[in-house]
Amino acid sequence: MKNSNNNFYANYLTVIMIFVGISGCFSVLFGAWFAHAGVNMPNEVQSRLAHALQYQFFHTLALFSVAIFLQLLTRKHYAAKVINLLYLSASFFIVGILLFSGVLYIKTFFDFTTIGKVVPFGGISFALGWLCISWAGINRTVHNSSTDQDRL
Numbered sequence: 002m003k004n005s006n007n008n009f010y011a012n013y014l015t016v017i018m019i020f021v022g023i024s025g026c027f028s029v030l031f032g033a034w035f036a037h038a039g040v041n042m043p044n045e046v047q048s049r050l051a052h053a054l055q056y057q058f059f060h061t062l063a064l065f066s067v068a069i070f071l072q073l074l075t076r077k078h079y080a081a082k083v084i085n086l087l088y089l090s091a092s093f094f095i096v097g098i099l100l101f102s103g104v105l106y107i108k109t110f111f112d113f114t115t116i117g118k119v120v121p122f123g124g125i126s127f128a129l130g131w132l133c134i135s136w137a138g139i140n141r142t143v144h145n146s147s148t149d150q151d152r153l
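Residues in the sequence shown are numbered from 2 upward in steps of one, following the working numbering.
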C-alpha cells in the first residue's frame, strides 16, 4: 500500500511540474503579447487581463516552490501529514489558476460573462492553498522525531 502511495505522489509531482511549465510559459508569452496588443484594449479589459496574468504568474511560482519543498521534504522523510498538506496546497493553486485566471481569460476573449460567477471560487482556492502551506509549517517535524534539530 505504501508503495502505491509513493507512485501516486511521484506521478502527481510530475503532473504539478508539467502544469508549472505550461502555466509559466503561458504567463510569459501572454504577458509579452499583452504588453504590445493590450494597449489598444479598453481600460476595463486591460485591468481584468492584468489581474488574471498577475495572479497566474505569482501562483505558478508558488506552485513551483511547493513542488521543490515536496521534493526536499519527501527525501527527509517528513510526516505524511505535512506532505499531504503540501500536495493539497498544490491542488488548490492549480484549481485557483484555472478558475480565477482561466475564467477571466475566457470571460474576456469569448464574451462569456455568465462564467464570471466562478472567479471567486478561484480566489478562495488560492487562499486555501496558502492556508495549507501555513498548516504544513505548523506540522513540519520529521516523522518519528520531535526534536527541534529535525526541523527544516
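The C-beta atom is built at its ideal place from N, Cα and C for all residues, glycine as well. Remember, it's a predicted structure, so these values are computed and weren't measured experimentally.
Secondary-structure assignment with DSSP links Tyr13 through no beta bridge to anything. Shortest Cα-Cα distance from Gln72 to any of Leu14, Val119, Leu86 involves Leu14.
With 16 or more neighbouring CB atoms inside 10 Å of its own CB, Ile134 falls in the buried class.
Looking at Gln55, Ile23, Leu86, Ser24, the one whose alpha-carbon comes closest to that of Ala36 is Gln55. Counted as a single uninterrupted DSSP element, the alpha helix (DSSP H) harbouring Lys82 occupies residues 81-97.
DSSP, reduced to helix, strand and coil, places Pro121 within a helical segment of the structure shown. Per DSSP, the continuous alpha helix (DSSP H) segment holding Val104 begins and ends at 104-110. Shown here for Val96: same chain residues with a beta carbon closer than 6 Å to its own, the five before and five after excluded, namely Ser126 in chain order. A straight-line Cα-Cα distance of about 24 Å links Leu99 and Pro43. Shortest Cα-Cα distance from Leu132 to any of Ile17, Ala63, Val21 involves Ala63. Spatial neighbours of Ser90 in its own chain (CB-CB distance under 6 Å, excluding positions within 5 residues in sequence) are listed in chain order as Val67, Gly130, Cys133, Ile134. When the five nearest sequence neighbours on each side are left out, the beta carbons in the same chain lying within less than 7 Å of the beta carbon of Met18 are those of Ala68, in order along the chain.
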